[in-house]
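Asker:
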Amino acid sequence: MQKDSESKGGIKRRITQACILCRKKKIKCDGAKPECVHCLDANLKCQYTEYKKRGPHKGYVRLLEERLAQLEKRLASTGAEVPPPISPLSPYSPPKQHHVVVDDFPPQEIVTHLIDLFFQHINSVFPFVHRARLKQSILDGNVSKPLIWGVMAIAARFSNHPQITTDPPYWAGERFATKATSLINASLLEPTIPNLQFWGIMSCLEYGRASGSKAWIYGGIAVRICQELGLDKEETLKTPILTKSGTIDYVAMALRRRIFWSCLCIDKFASTSTNRPQGFEIGDYDVAYPSLSESSLLRDPLHALTIDKHTIANDPLMDVVPRYIDVLERFGEVCKYMSRAKTNTSAVTWPPIAESVVLDARMKHWLESLPEVYQFSQAHLKLYKENASQNYLNFWLCSHAMYCTGMLALHRGSLAYSDLTASDLPPDVYDRIQASIHVCKVNVNIATEVFQALHDVCGVNVLPYMCYCAYIFSTVLMTSAFSSDPVSYRKSSASLAILYDMIELLRPYWPMSERLASTTRDMLAAHSRLYDVQEQQQRHEYGFDKKGFPIQAQSGDEVRSMGPISSSVAPAAGVETSQRQQQQQQHQQHQQHQQQQQQQQQQQQQQQQQQQQQQQQQVRYGYMDNTMPMQMPMLPYGQERPEEVDFNSCAYLYDSTLFGQMVLDSSKVNNSEMNYLPQDQYSAMLNEANYPVVSQMTLA
0 MQKDSESKGG IKRRITQACI LCRKKKIKCD GAKPECVHCL DANLKCQYTE
50 YKKRGPHKGY VRLLEERLAQ LEKRLASTGA EVPPPISPLS PYSPPKQHHV
100 VVDDFPPQEI VTHLIDLFFQ HINSVFPFVH RARLKQSILD GNVSKPLIWG
150 VMAIAARFSN HPQITTDPPY WAGERFATKA TSLINASLLE PTIPNLQFWG
200 IMSCLEYGRA SGSKAWIYGG IAVRICQELG LDKEETLKTP ILTKSGTIDY
250 VAMALRRRIF WSCLCIDKFA STSTNRPQGF EIGDYDVAYP SLSESSLLRD
300 PLHALTIDKH TIANDPLMDV VPRYIDVLER FGEVCKYMSR AKTNTSAVTW
350 PPIAESVVLD ARMKHWLESL PEVYQFSQAH LKLYKENASQ NYLNFWLCSH
400 AMYCTGMLAL HRGSLAYSDL TASDLPPDVY DRIQASIHVC KVNVNIATEV
450 FQALHDVCGV NVLPYMCYCA YIFSTVLMTS AFSSDPVSYR KSSASLAILY
500 DMIELLRPYW PMSERLASTT RDMLAAHSRL YDVQEQQQRH EYGFDKKGFP
550 IQAQSGDEVR SMGPISSSVA PAAGVETSQR QQQQQQHQQH QQHQQQQQQQ
600 QQQQQQQQQQ QQQQQQQQVR YGYMDNTMPM QMPMLPYGQE RPEEVDFNSC
650 AYLYDSTLFG QMVLDSSKVN NSEMNYLPQD QYSAMLNEAN YPVVSQMTLA
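Going by numbering that gives the first Met the number 0, the sequence shown opens with residue 0, and the numbers climb by one from there.
(1) Would you call P426 buried or exposed, if buried means 16 or more other Cβ atoms sit within 10 Å of its Cβ?
(2) From the beta carbon of Q451, is the nearest beta carbon of chain B less than 8 Å away?
(3) Taking three-plus beta-carbon pairs below 8 Å as touching, is the stretch 390 to 403 in contact with the stretch 135 to 148?
(4) Should L204 be labelled buried (16 or more other beta-carbon atoms within 10 Å of its own) or exposed?
(5) Please state if the CB of H120 and the CB of N460 are separated by a distance shorter than 8 Å.
(6) Identify whether P93 lies in helix, strand or coil by the three-state DSSP scheme.
(7) Using CA coordinates, which residue listed in L70, M406, A17 is at the minimum distance from A434?
(8) Which of helix, strand or coil does DSSP assign to T310?
(9) What did DSSP end up calling L67 once you bin it into helix, strand or coil?
(10) With H, G and I counted as helix, E and B as strand and the rest as coil, what does DSSP make of S210?
(11) Would you mind giving the Cβ-Cβ distance between L113 and V150, rounded to the nearest angstrom? I have them listed as a contact below 8 Å.
(12) Using alpha carbons as the reference points, say which of Q196, S487, L515 lies closest to D500.
(13) Throw me the rounded Cβ distance for the M511 and Y206 pair, which I believe falls under 8 Å.
(14) Could you check what DSSP says for L498 in three-state terms: helix, strand or coil?
(15) Bridge partners for I247 per DSSP, in chain order?
(16) Mark I432 as exposed unless 16 or more other C-beta atoms lie within 10 angstroms of its C-beta, in which case mark it buried.
(17) Are the beta-carbon atoms of L254 and I247 separated by less than 8 Å?
(18) Between D423, F330, C35, L366, which has its C-alpha nearest A408's C-alpha?
(19) Evaluate the contact criterion for the stretch 389 to 398 versus the stretch 447 to 467: three or more CB pairs, one atom per stretch, below 8 Å.
(20) Would you identify the three-state DSSP class for S186, choosing helix, strand or coil?
(21) Need the endpoints of the alpha helix (DSSP H) that W395 sits in, please.
(22) Would V449 be called buried (16 or more neighbouring beta carbons within 10 Å of its own) or exposed?
(23) Nearest-angstrom Cα distance between V486 and K440?
(24) Please name the residue in K381, V320, E385 whose C-alpha comes closest to that of L369.
(25) Assign S143 to one of three DSSP states: helix, strand, or coil.
(26) Specify the secondary structure class of L304 as computed by DSSP and reduced to three states.
(27) Which residues in the same chain as I216 place their Cβ atom closer than 6 Å to its Cβ, once the five residues preceding and following it in sequence are excluded?
(28) By a C-beta neighbour count over all protein chains shown, 10 Å radius and 16 as the cutoff for buried, is H437 buried or exposed?
(29) Grouping DSSP H, G and I as helix and E and B as strand, with all else coil, what is H160?
(30) Here's a check: name, in chain order, each residue in its chain whose Cβ is nearer than 7 Å to the Cβ of D359, leaving out the five neighbours to either side.
(31) Take every Cβ of the stretch 470 to 478, pair it with every Cβ of the stretch 490 to 497, and state whether three or more of those distances are shorter than 8 Å.
(32) Grouping DSSP H, G and I as helix and E and B as strand, with all else coil, what is N42?
(33) For K237, does the count of other Cβ atoms within 10 angstroms reach 16, so buried, or fall short, so exposed?
(34) Is I436 helix, strand or coil when you go by DSSP?
(35) Confirm, please, whether the CB-CB distance from A171 to S181 is below 8 Å.
Structure follows, in structure tokens:
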């Protein structure tokens with residue numbers, strides 16, 4: 000088919016008419032008939048209006064061209080030199096499109112290797128791309144260049160290829176990310192599917208790089224392109240996409256729906272964790288959830304393998320994706336309204352916002368309407384580890400993690416009033432607070448099991464979004480409601496360790512996880528210092544040891560041999576320690592304190608050496624990204640010691656800087672109320688403080 004831009008004689012004509020949609024959107028139309036390139040990509044009906052030709056008659060233009068040719072011929076006959084045509088007379092060329100240039104890419108082996116890693120670790124959660132079609136477009140040479148660089152950038156961290164791997168692994172993707180961002184220009188803002196895929200993947204990448212602002216902005220661009228293409232409307236998604244042969248392309252139609260929902264999920268994560276407005280809100284779209292038939296159609300070969308690499312024909316969890324999206328939508332609503340809760344009032348009111356009852360009912364309805372086979376239990380976990388794929392097992396566990404996180408975000412403020420008694424509050428307020436505290440405890444218990452399963456079953460396939468959820472639970476476990484007695488203290492300490500292990504597992508792969516792991520590690524140490532002191536005091540007061548057994552009287556030699564950490568003397572036993580024994584004990588404590596200081600200094604030196612090595616790697620791979628800080632403020636401690644921080648305050652429980660911007664935006668770590676300290680000042684404060692050595696817990 001010959002386009003209107005060419006005439007029979009091979010002389011290019013100037014395009015004088017654009018289609019209706021291109022004129023409406025004010026974008027350049029190539030004038031191709033029956034469909035222009037933009038309408039063809041968006042699978043929209045292309046229409047042209049009838050019009051009367053304007054401008055000079057084409058015969059007049061032809062006459063001028065012939066006269067110009069005659070003049071050039073006469074000049075040539077006289078021996079004069081004719082300069083080459085100046086650029087304005089050259090025909091217009093559209094903006095340069097990004098297509099693959101072979102010389103600009105790594106070897107094909109590397110590209111294929113990284114694409115496979117992308118589908119294993121990223122596309123399994125956010126299905127933006129179809130594997131076979133992406134590889135075919137690379138072979139055909141028409142793949143979007145920014146898209147393929149973005150795919151390699153986010154996948155390289157999982158590679159063990161000798162030409163790619165780095166230490167830490169997340170640095171491996173930076174050279175590819177630098178190339179991807181260098182290709183960003185105005186053409187990437189055009190509403191096309193490849194551009195939409197690029198922005199969605201880059202938003203996920205920036206989230207993992209702990210750049211909350213970029214993650215939110217890139218995700219917002221993806222949202223706008225979705226809306227411009229009409230992907231937020233079911234009418235558009237039901238419109239058939241035709242192949243060149245005229246048949247319906249069901250794969251492209253199913254993928255189009257998955258792209259929309261992937262953009263929505265990324266928008267929810269990038270917005271809620273940074274306390275920014277959401278691009279998609281309930282009521283703005285009417286798109287149906289992915290169907291089981293579409294999931295079967297798009298099923299990747301990796302989705303047919305269990306965690307033990309056994310092939311399965313039917314996956315019992317394949318239809319869990321709609322439940323995952325559903326709970327994420329509800330979680331977004333909770334975060335939107337709870338961000339309006341006021342924490343600067345001295346009056347005790349509960350619930351904190353008027354919408355709490357409705358939000359709580361919507362969250363509970365999700366769990367109540369969940370089929371029995373999708374309910375979380377250890378029995379179901381064992382069953383699905385044997386019969387379901389790791390991909391859908393990940394969706395199933397993450398859906399329950401999001402439910403628990405939403406319930407915690409809704410009720411965690413009640414923990415600020417856990418020490419109040421019934422005589423301190425009106426009966427109805429007290430009952431509502433106690434009910435919310437109970438909800439928090441129940442969901443913390445469930446979430447601990449879920450995150451343990453994610454750690455054991457999914458491993459590094461868990462994206463950093465779940466690390467953020469685990470971090471929220473760790474902050475709640477710092478409240479006194481979870482350490483009010485020795486039994487609850489040991490339980491909360493064990494839960495903190497599980498959450499820390501979950502985040503620590505992803506530390507090498509995502510800078511955000513590295514930040515969260517460091518902060519959670521400090522929380523774990525502070526939790527031990529804060530509550531283990533109380534536990535020892537209670538043991539001495541009531542005459543019971545850490546495991547609940549009565550403390551036996553010990554001789555002075557036994558006490559001296561145990562050292563300051565494990566020594567325990569019951570005042571009720573009537574054993575009087577001599578002055579000499581006390582001096583020896585103090586000397587041992589002093590030595591122990593000095594050893595701790597030396598260990599802390601060694602850790603600081605190791606961190607500095609690691610930072611220098613990372614900077615050297617930056618130079619080695621030809622980039623220096625100042626937007627990716629290697630160090631961050633840790634716990635939100637002010638000038639007071641960690642033991643003096645009020646972890647039960649509303650300011651701590653509801654502080655959005657603590658629950659996102661501190662982790663994701665280095666430029667927003669200063670909060671006048673919480674008085675955050677830089678990492679170097681905070682470490683120095685810990686070194687100078689003379690904390691009692693009371694815990695046997697050590698961190699690797």
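Note that beta-carbon positions come from the ideal geometry of N, C-alpha and C, so glycine has one too.
Answerer: Judging by the given coordinates:
(1) Position 427 of the sequence shown holds residue 426. Classification for P426: exposed.
(2) You won't find chain B in this structure, because it holds only one protein chain.
(3) no
(4) Residue 204 sits at position 205 when you count from the first residue of the sequence shown. Buried, since its Cβ has 16 or more Cβ neighbours within 10 Å.
(5) The residue you call residue 460 lines up with position 461 of the sequence shown. The residue you call residue 120 lines up with position 121 of the sequence shown. A contact, by the Cβ cut-off of 8 Å.
(6) Counted from its first residue, the sequence shown places residue 93 at position 94. Summary for P93: the model assigns pLDDT 43, below 50, so the residue's position carries little reliability, and this model does not support an answer.
(7) Sequence index remark: in the sequence shown, residue 434 carries index 435 (1-based). Among L70, M406, A17, the Cα nearest to that of A434 is on M406.
(8) Translated into the one-based positions of the sequence shown, residue 310 becomes position 311. Looking at T310 - three-state DSSP - the assignment turns out to be strand.
(9) Walking along the sequence shown from the start, residue 67 turns up at place 68. Note: L67 maps to helix in three-state DSSP.
(10) Along the sequence shown, one-based indexing puts residue 210 at 211. Coil at S210, not helix or strand.
(11) Taking the first residue of the sequence shown as position 1, residue 113 is located at position 114. Taking the first residue of the sequence shown as position 1, residue 150 is located at position 151. Between V150 and L113 the Cβ distance is about 7 Å, and since that is below 8 Å, they are a contact.
(12) Looking up residue 500 in the sequence shown gives position 501. Out of Q196, S487, L515, L515 has the C-alpha closest to the C-alpha of D500.
(13) Counting from 1 along the sequence shown, the entry for residue 511 is found at position 512. Counting from 1 along the sequence shown, the entry for residue 206 is found at position 207. Right, their Cβ atoms sit about 7 Å apart.
(14) The count along the sequence shown starts at 1 and reaches residue 498 at position 499. Looking at L498 - three-state DSSP - the assignment turns out to be helix.
(15) Here residue 247 is taken as the residue at index 248 of the sequence shown, counted from 1. Answer by DSSP bridge pairing, in chain order: L241.
(16) Numbered from 1 along the sequence shown, position 433 holds the residue referred to as residue 432. The residue in question, I432, is buried, as its Cβ has 16 or more Cβ neighbours within 10 Å.
(17) Taking the first residue of the sequence shown as 1, we reach residue 254 at position 255. Taking the first residue of the sequence shown as 1, we reach residue 247 at position 248. It is not a contact, given that the beta carbons lie outside the stated cut-off.
(18) Counting from one through the sequence shown, the residue named residue 408 turns up at place 409. Among D423, F330, C35, L366, the Cα nearest to that of A408 belongs to F330.
(19) yes
(20) Locating residue 186 in the sequence shown gives position 187, where the first residue counts as 1. In this structure, S186 counts as helix in the three-state DSSP scheme.
(21) Working through the sequence shown from its first residue, we reach residue 395 at position 396. Where W395 is concerned, the enclosing alpha helix (DSSP H) stretches over 389 to 410.
(22) Here the question's residue 449 lines up with position 450 in the sequence shown. Under this definition V449 is a buried residue.
(23) As a position in the sequence shown, residue 486 is number 487, starting the count at 1. As a position in the sequence shown, residue 440 is number 441, starting the count at 1. Cα-Cα distance, rounded: 14 Å.
(24) As a position in the sequence shown, residue 369 is number 370, starting the count at 1. The shortest Cα separation from L369 among K381, V320, E385 belongs to V320.
(25) Taking the sequence shown and counting its residues from 1, the one referred to as residue 143 is at position 144. In this structure, S143 counts as strand in the three-state DSSP scheme.
(26) Within the sequence shown, numbered from 1, the residue matching residue 304 stands at position 305. Note: L304 maps to strand in three-state DSSP.
(27) Start at 1 with the first residue of the sequence shown, and residue 216 comes out as number 217. None.
(28) To locate residue 437, count along the sequence shown from 1; it is residue 438. Per the 10 Å Cβ criterion, exposed.
(29) By 1-based counting over the sequence shown, the position of residue 160 is 161. Three-state DSSP puts H160 in coil, outside helix and strand.
(30) The residue given as residue 359 occupies position 360 in the sequence shown. Correct list, in chain order: L409.
(31) yes
(32) Along the sequence shown, one-based indexing puts residue 42 at 43. Correct three-state label for N42: coil.
(33) Position 238 of the sequence shown, counted from the start, is the residue given in the question as residue 237. Exposed.
(34) Position 437 of the sequence shown, counting from 1, holds the residue named residue 436. The answer is helix: DSSP assigns I436 an H, G or I state.
(35) Position 182 of the sequence shown, counting from 1, holds the residue named residue 181. Position 172 of the sequence shown, counting from 1, holds the residue named residue 171. Cβ distance not < 8 Å, so S181 and A171 don't count as in contact.
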